[in-house]
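**Student:** Here it is: the structure, laid out below.
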Amino acid sequence: MKIADTSAQDVVLEPKSRKRSYLIGGSSLLLILVIAWMLIPAINRWASATMTVPLERLRIAEVTRGDLIRDVSVQGRVIAAISPTLYAPAAGSITLQVDAGATVVEGQVLATIDSPELANKHKQAQAARQQQAMELERQRIESRQLALDKRKAADLAEVALIAAKREKRRADQANEVSVISVIDFEMAQDELRNAELAYEHAVADANLFDERLAFELKVSELKLQGQTLLVEDLQRQVDDLSIESPVSGIVGDLLVSQKAAVSRDMPVMAVVDLSRFEIEAQVPESYADDLGIGMTAEIIVGNERFLGKLVAVSPEIVNSQVGSRIRFGDRMPKNIRQNQRLTTRILIEERPAVLMLQRGQFLESGGGRTAYVLDGEGLAIRRRITIGARSLSAVEIADGLKEGDRVIISSVDQFRGADSVLITD
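Position 401, counted from 1, in the sequence shown is what the working numbering calls 452; the numbers after and before it change by one each time, with no gaps.
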């Protein structure tokens with residue numbers, strides 16, 4: 052029995068050409084060489100990477116160009132812009148008229164001081180002034196009387212001069228007719244001369260006496276004026292024994308107790324003006340040279356921001372910090388209290404159109420001198436950079452990076468200074 056097979060369906064094939072096989076093999080080899088040529092640089096770079104880090108563990112930021120505002124953020128506390136401390140104007144016993152925390156208005160009497168010593172000085176000065184005033188009036192009356200006597204003597208000398216002139220004329224007439232002796236004629240001439248000298252001296256003496264009296268009166272008037280000033284000063288001190296509030300606000304701490312004995316210039320109490328507040332802030336000493344009076348500040352109160360101005364900078368550094376005071380601008384927040392803590396941002400400098408990069412831990416771990424830049428092919432290349440100005444959120448790139456570079460801004464301590472790092476997905 053013959054079994055049927057499929058030989059009838061078989062197709063007889065011609066042997067393949069060796070030329071075609073060589074062509075296919077050559078093409079494949081060429082393709083492999085091209086791929087290898089393209090991959091070898093990347094493989095070499097990957098091979099040169101000393102370590103591998105997952106991308107998810109890194110923070111990446113891009114170098115951009117824009118305006119960099121250099122600033123510093125500090126915590127400050129609210130203080131009263133005006134909080135004068137009142138002092139005892141004299142020694143004595145104090146009587147307080149208000150309690151701590153009391154609301155007061157400007158000019159209100161807050162305390163009085165009983166000072167017997169000052170009161171006694173004031174009365175003595177008043178008595179001395181009154182005595183000097185009476186003495187001056189007596190001196191004026193006496194001066195007028197003495198001046199009258201001097202003027203009288205001058206008038207009498209004038210009368211004697213007139214008489215001597217008359218006798219001289221008579222002697223001249225008698226001498227012309229030779230009815231007078233030579234001695235009598237010469238005596239008439241001498242008497243006239245004596246009368247002229249007596250009158251001249253009497254007038255000069257009266258004038259000089261008037262000048263002396265005027266001088267003595269002026270001295271006495273100046274003494275009285277000085278005593279009057281002393282009385283007025285003591286009166287002012289007596290009036291100051293009533294201590295008044297210089298501002299409207301509240302009474303702060305009472306520094307003495309009721310009826311206590313106080314000495315001159317001893318602090319008594321403080322008054323706080325609640326209408327104006329300032330911020331007292333401590334700034335790190337690294338910013339000390341950059342701070343300047345008049346710099347703009349931004350004060351954050353809740354969800355609002357208020358403008359302020361730097362009005363004072365301490366000349367000394369304490370505990371690596373510099374004290375500063377910031378005054379609110381035209382608009383001041385409501386319901387803030389003394390010693391309340393607020394965040395304050397001082398705007399030190401604005402640098403327009405600079406290369407800048409977001410701040411990150413790479414500044415500390417890399418010392419601000421190195422950064423790892425992504426090359427777009429999975430590698431982070433270590434590059435030396437130069438940092439310029441710094442703000443709270445960004446830093447200026449002075450050298451080493453260009454706009455558009457993508458930089459690792461997280462800590463680079465884990466890279467251990469490697470020249471390149473392989474970044475994996």
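Note that the Cβ used here is the ideal one computed from N, Cα and C, for glycine as well.
Report all residues from its chain with a CB closer than 7 Å to the CB of Ala179; omit the five preceding and five following residues, and keep chain order.
**Tutor:** Answer for Ala179: Gln278, listed in chain order.
**Student:** Between the Cα of Leu147 and those of Met346, Thr475 and Ile164, spot the shortest distance and give me the residue it belongs to.
**Tutor:** Here the closest residue by C-alpha is Ile164.
**Student:** Give every residue of the same chain whose Cβ lies closer than 7 Å to the Cβ of Glu479, excluding the five residues on either side of it in the sequence, and list them in chain order.
**Tutor:** Past the edges of the chain, shown from 52 to 476, lies residue 479, and the structure says nothing about it.
**Student:** Leaving aside the five residues before and after Leu292 along the sequence, list all residues of the same chain whose C-beta is less than 8 Å from its C-beta, in chain order.
**Tutor:** Same-chain partners within the cutoff: Pro140, Ala141, Gly143, Thr163, Ile164, Asp165, Ser166 and Leu169.
**Student:** Rounded to whole angstroms, what is the Cα-Cα separation between Ile330 and Phe466?
**Tutor:** C-alpha separation (whole angstroms): 43 Å.
**Student:** Relative to the C-alpha of Glu554, which candidate in Gly418, Ala176, Arg420 and Gly439 has its C-alpha closest?
**Tutor:** Lying outside 52 to 476, the shown extent of the chain, residue 554 is not represented and no answer is given.
**Student:** Exposed or buried, which one is Arg121 when buried takes at least 16 other CB atoms within 10 Å?
**Tutor:** Arg121 is buried by the Cβ-count criterion.
**Student:** Which residues in the same chain as Pro105 place their Cβ atom closer than 6 Å to its Cβ, once the five residues preceding and following it in sequence are excluded?
**Tutor:** Once the five neighbours on either side are set aside, the close Cβ partners of Pro105 are Thr475.
**Student:** Nearest-angstrom Cα distance between Arg263 and Ile192?
**Tutor:** Straight-line Cα distance between these residues: approximately 15 Å.
**Student:** Expressed to the nearest angstrom, what Euclidean distance is found between the alpha-carbon atoms of Leu342 and Gly411?
**Tutor:** For Leu342 and Gly411, the distance between alpha carbons rounds to 24 Å.
**Student:** Excluding five sequence neighbours on each side, which residues of the same chain lie with their C-beta closer than 7 Å to the C-beta of Gly345?
**Tutor:** Result list for Gly345: Lys360 and Leu361, in chain order.
**Student:** Mind checking Leu273: buried by the 16 CB within 10 Å criterion, or exposed?
**Tutor:** So Leu273 counts as exposed.
**Student:** Let me make sure I understand the geometry here. Which of Glu400, Leu82 and Asn226 has the alpha-carbon closest to that of Asp340?
**Tutor:** Checking every option, the nearest Cα to that of Asp340 belongs to Glu400.
**Student:** Do Glu454 and Thr115 have their beta-carbon atoms positioned less than 8 Å apart in this structure?
**Tutor:** Yes.
**Student:** In its own chain, which residues sit with a C-beta less than 6 Å from the C-beta of Ser271, not counting the 5 before and 5 after it?
**Tutor:** Contacts found: Leu187 and Gln190.
**Student:** Output needed for Pro451: all residues of its chain with C-beta closer than 8 Å, excluding positions within five of it in sequence on either side, in chain order.
**Tutor:** Checking the sequence, you will find Gly at residue 451 rather than Pro. Closer than 8 Å at the Cβ level, and outside the excluded window around Gly451, lie Ala422, Arg434, Arg435, Ile436 and Thr437.
**Student:** To which residues of the same chain is Leu393 closer than 7 Å at the C-beta, ignoring the five residues directly before and after it?
**Tutor:** So the qualifying residues of the chain are Gly127, Val129, Ile330, Ile350, Ile351 and Val352.
**Student:** Assign Val270 to one of three DSSP states: helix, strand, or coil.
**Tutor:** Note: Val270 maps to helix in three-state DSSP.
**Student:** State the DSSP-derived secondary structure class of Pro167, mapped to helix, strand or coil.
**Tutor:** Three-state result, Pro167: helix.
**Student:** Quick check: what's the CA-CA separation for Val322 versus Glu157?
**Tutor:** In a straight line, the C-alpha of Val322 is about 10 Å away from that of Glu157.
**Student:** What are the residues that DSSP puts in a beta bridge with Gly143?
**Tutor:** Val313.
**Student:** Looking at the structure shown, is Arg382 part of a helix, part of a strand, or coil, going by DSSP?
**Tutor:** Note: Arg382 maps to coil in three-state DSSP.
**Student:** Please list the terminal residues of the continuous beta strand (DSSP E) segment that includes Phe413.
**Tutor:** From DSSP, Phe413 is part of no beta strand (DSSP E) but of the alpha helix (DSSP H) over Phe413 to Ser416.
**Student:** Name the one or two DSSP bridge partners that Lys219 has.
**Tutor:** For Lys219, which the question treats as bridged, DSSP gives no partner whatsoever.
**Student:** Is it buried or exposed for Asp456, if we count other Cβ within 10 angstroms and need 16 for buried?
**Tutor:** The residue in question, Asp456, is buried, as its Cβ has 16 or more Cβ neighbours within 10 Å.
**Student:** State the DSSP-derived secondary structure class of Ile387, mapped to helix, strand or coil.
**Tutor:** Coil, per DSSP.
**Student:** Is it buried or exposed for Ser326, if we count other Cβ within 10 angstroms and need 16 for buried?
**Tutor:** By the neighbour-count rule (16 or more Cβ atoms within 10 Å), Ser326 is not buried but exposed.
**Student:** Give me the residue from Ile301, Leu207 and Ala348 with the minimum Cα distance to Pro135.
**Tutor:** That would be Ile301, whose Cα lies nearest to the Cα of Pro135.
**Student:** Round the Cβ separation of Ala112 and Ile432 to the nearest angstrom and send it over; I've been treating them as touching at under 8 Å.
**Tutor:** Not quite, the Cβ-Cβ distance comes to about 16 Å (not below 8 Å), so this is no contact.
**Student:** I need the boundaries of the beta strand (DSSP E) containing Phe328, first residue and last residue.
**Tutor:** Run containing Phe328: Phe328 to Pro335, per the beta strand (DSSP E) assignment.
**Student:** I'd like the span of the beta strand (DSSP E) that includes Arg121, first residue to last.
**Tutor:** Note, Arg121: beta strand (DSSP E), Thr115 to Ala131.
**Student:** Assuming Leu161 contacts Ser375 (C-beta within less than 8 Å), just tell me the rounded distance between them.
**Tutor:** Actually they do not touch by this definition, with Cβ atoms about 32 Å apart.
**Student:** Using the three-state DSSP reduction, which class does Met102 fall into: helix, strand or coil?
**Tutor:** Met102 falls in the coil class under three-state DSSP.
**Student:** For Ser462, which residues of its own chain have a beta-carbon under 6 Å away from its beta-carbon, when the five flanking residues on both sides are left out?
**Tutor:** Cβ neighbours of Ser462 beyond the five flanking positions: Gln412 and Ser416.
**Student:** In chain order, what residues of the same chain lie with their CB nearer than 6 Å to the CB of Ala363, ignoring the 5 residues before and after it?
**Tutor:** So the qualifying residues of the chain are Arg376.
**Student:** Do Ser471 and Leu430 have their beta-carbon atoms positioned less than 8 Å apart in this structure?
**Tutor:** Yes. Within cutoff.
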